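Residues 12 to 427, numbered by the working numbering, are exactly what the sequence shown covers, in order.
Here's the structure, in structure tokens; my notes come after.
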Amino acid sequence: MAQFFENTQKPESALLVGVDSGDFDCEVSLDELAELAKTAGAEVIAKVTQKREKPDAATYIGRGRLDEIKDFCKENEVDLLIFDCELTPSQQRNIEDITDVRVIDRTELILDIFALRARSGEGKLQVELAQLKYSLPRLGGKGTSLSRLGGGIGTRGPGETKLETDRRHIRRRIKNLEDNLEALSRRRKLARTRREKDGAQTIAIVGYTNAGKSTLMNTLTKAGVLAEDKLFATLDPTARALTLPDGRKVMLIDTVGFIRRLPHGLVEAFKSTLEEAVSATLILNVCDASSPDCAEHLDVTNRLLDELGCAGKPTIAVFNKCDIAPDTGWLTAGLRSVKISALSGEGLDNLLNEIVKALPPTRKKVSLLLPYNMGSDAALLRNDGAVEVEEYRPDGLFMTVTADINLLERYQDYIV
Ligand SMILES: Nc1nc2c(ncn2[C@@H]2O[C@H](COP(=O)(O)OP(=O)(O)OP(=O)(O)O)[C@@H](O)[C@H]2O)c(=O)[nH]1
Ligand SMILES: [Mg+2]
């Protein structure tokens, strides 16, 4: 029996379980869970839903339904139950006890996909941190014993002392990971401050997973970022330079995709990479206009952005895949928005013009009266800015100049 669970030659066959509480569209959510399961390499055999207002405290769904599931799993050789929710450790254990099948929840599934996708050192650390935090309260459950060859079903996993050492070990590792990530985060912050000081403006491409963010990045900058018809193809932020129609050079950043009910631990763990988006000057909220759930995806992204502290930041809603989308006129009402196809390039000129309009100006025109002992400052302004008027007056040097606003900050006192 133990070997049965260890069989990794064929794709794991999974049964999806959801509760229809009326809080959200259970069908849509289960379809998405099926996409996630496929991305993780499982074969989805069937989906089960149960209507109930509140999940059962002990077993999430009703006992009767669980017994049915148990029989179904036996008959159809199901390896894995995937619950479309976040299960408590005891719910997970109880369900495994009753069904004799390994149980994971939505969070664990997403963590698993992130683990498959992580490429950079930082990405790997972030995923490991999220996974350890998730597994700590679950240690010693059947989940561990079931997955361990020869663990034997019905045993309680490792003995209590072993469990304690395991826990201590994991806590130490968590601390270690947090320290490492903290150091990386500081480095990121430094790089950002440097960019800001140079007056570089950044534009973050954010949005629901599979919306076409990386494709847009590639089309605009030839970045060569991996774009795939898979969920969470991108984990690490990539930055590339982009020259706008008005000649300004900006940084474009491709980011990790969002999904509804994104596990909180992941948001925490990915904070430092998500901060790249938070600190951007402008946000492009990309959504897949060909998806019937487009409006909801946009909403999920907006809410997550708010949570991360981006409320009020200049944003353009980018309706992508318009080459295959039905008319989306109703979606764009009341928003600063553009329709594009990142694949065919349609609408990209329009997008670039909107970006120019939405970005706060970096230069402005002022008139200054500089005392004659500030000759080197005058030289600096001539060097950086475009001088229109320059007059030697009795009380100083009068200049009308268009220059970088950061540079002009220093001469506030001399503006006339
Ligand atoms: N028809 C059409 N397909 C597109 C367009 N843009 C992207 N796609 C496809 O959509 C899929 C997802 O594209 P990605 O660019 O990887 O999406 P993403 O938003 O970066 O996804 P994650 O990194 O997984 O969050 C790919 O198969 C793309 O070829 C478009 O304008 N039209
Ligand atoms: Mg991507």
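Glycine included, C-beta positions come from ideal geometry on N, C-alpha and C.
Bear in mind that the values here come from a model prediction, so they are computed numbers and not experimental data.
Give me the Cβ distance between A25 and I56, rounded to the nearest whole Å; I'm assuming they're in contact under 8 angstroms. 7 angstroms
Here's a check: name, in chain order, each residue in its chain whose Cβ is nearer than 8 angstroms to the Cβ of A211, leaving out the five neighbours to either side. K260, V261, M262
Starting from T254, follow its DSSP beta bridges and name the residues at the other end. K260
Taking 8 angstroms as the threshold, find out whether the segment 90-109 comes into contact with the segment 240-251 through three or more Cβ pairs. no
According to DSSP, simplified to helix, strand and coil, what is F281? coil
Can you name the start and end residues of the alpha helix (DSSP H) that E139 belongs to? 132-146
Taking 7 angstroms as the cut-off, is the CB of E239 close to at least one heavy atom of ligand 1? yes
Could you pull out every residue in the same chain whose Cβ sits closer than 7 angstroms to the Cβ of L195, ignoring the five residues on either side in sequence? E133, S283
Return the chain-ordered ranges of every alpha helix (DSSP H) run that is complete within the segment 308-386 and spans a minimum of 4 residues. 340-343, 359-369
Does DSSP put G218 in a helix, a strand or coil? strand
In the structure shown, what three-state DSSP assignment does L160 receive? Confidence at L160 is low in this model, with a pLDDT of 41, below 50, so the placement of that residue should be treated as unreliable; the coordinate-derived value is given next. Of the three classes helix, strand and coil, the one that applies to L160 here is coil, per DSSP.
With a threshold of 7 angstroms (Cβ to nearest heavy atom), would G268 be considered close to ligand 2? yes
To the nearest angstrom, report how far apart G154 and F35 are at their CA atoms. Because G154 carries a pLDDT of 44, less than 50, the predicted location of this residue cannot be relied on, and no value is offered for it.
Cα-Cα separation, C37 to D111: 25 angstroms
With burial defined as no fewer than 16 other Cβ atoms inside 10 Å of the residue's Cβ, what is the status of D434: buried or exposed? A question about residue 434 goes unanswered here, because the residues of the chain that appear run from 12 up to 427.
Take N417 and list the residues in its own chain whose beta-carbon comes closer than 6 angstroms to its own, dropping the five residues that flank it on each side. G210
For S225, which residues of its own chain have a beta-carbon under 7 angstroms away from its beta-carbon, when the five flanking residues on both sides are left out? V236, L237, A238, A244, T245, D265
On the premise that L27 lies in contact with A45, defined as a C-beta separation below 8 angstroms, what is that separation, rounded to the nearest angstrom? 6 angstroms
Closest to L150 by C-alpha separation, out of A129, L253, R179, would be which residue? R179
Locate the beta strand (DSSP E) running through F409, then write down its first and last residues. 407-415
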